[in-house]
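Some notes on the structure that comes next.
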Amino acid sequence: MGNSPLNQISRLQPDHNELKRYAFLYPDEARERLRPYVWLRLEAALKATDSQTVAYLHDGLPG
30 MGNSPLNQIS RLQPDHNELK RYAFLYPDEA RERLRPYVWL RLEAALKATD
80 SQTVAYLHDG LPG
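Written out as structure tokens, the structure is:
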């Protein structure tokens with residue numbers, strides 16, 4: 030599940046006024062749980078992270 034050291038994860042402070050819940054998921058699990066348009070954005074972000082680039086999206090789609 031990514032490369033976040035446990036000490037970074039333990040310092041996260043989610044805003045409970047904005048989030049009902051959160052989870053750390055593998056990409057396949059996230060794809061199953063997220064709405065399609067949110068998954069497309071996350072997928073682009075993951076690919077950009079892997080390639081150490083940025084992702085430019087237009088209306089949520091690579092373009």
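Residue 30 is where the sequence shown starts when you use my numbering, and the numbers rise one by one after that.
Glycine residues also receive a C-beta, built at the ideal position from the N, C-alpha and C atoms.
Quick caveat, the model's predicted, so the values are computed rather than measured.
Taking the alpha-carbon of residue i as reference, which of the options has the nearest alpha-carbon?
i: TYR66; options: ASP79, LEU48, LEU90; result: LEU90
I'd like to check one pair, residue j with residue i: are the Cβ atoms closer than 9 Å?
i: ALA59; j: LEU71; result: yes
i: ARG62; j: LEU75; result: no
Excluding the 5 residues preceding and the 5 following residue i in the sequence, name in chain order all residues of the same chain whose CB lies nearer than 8 Å to its CB.
i: VAL83; result: ALA77
i: GLY92; result: TYR85, LEU86
Apart from the five residues on each side of it in sequence, which residues of its chain come closer than 7 Å, Cβ to Cβ, to residue i?
i: TYR51; result: PRO43
i: SER33; result: none
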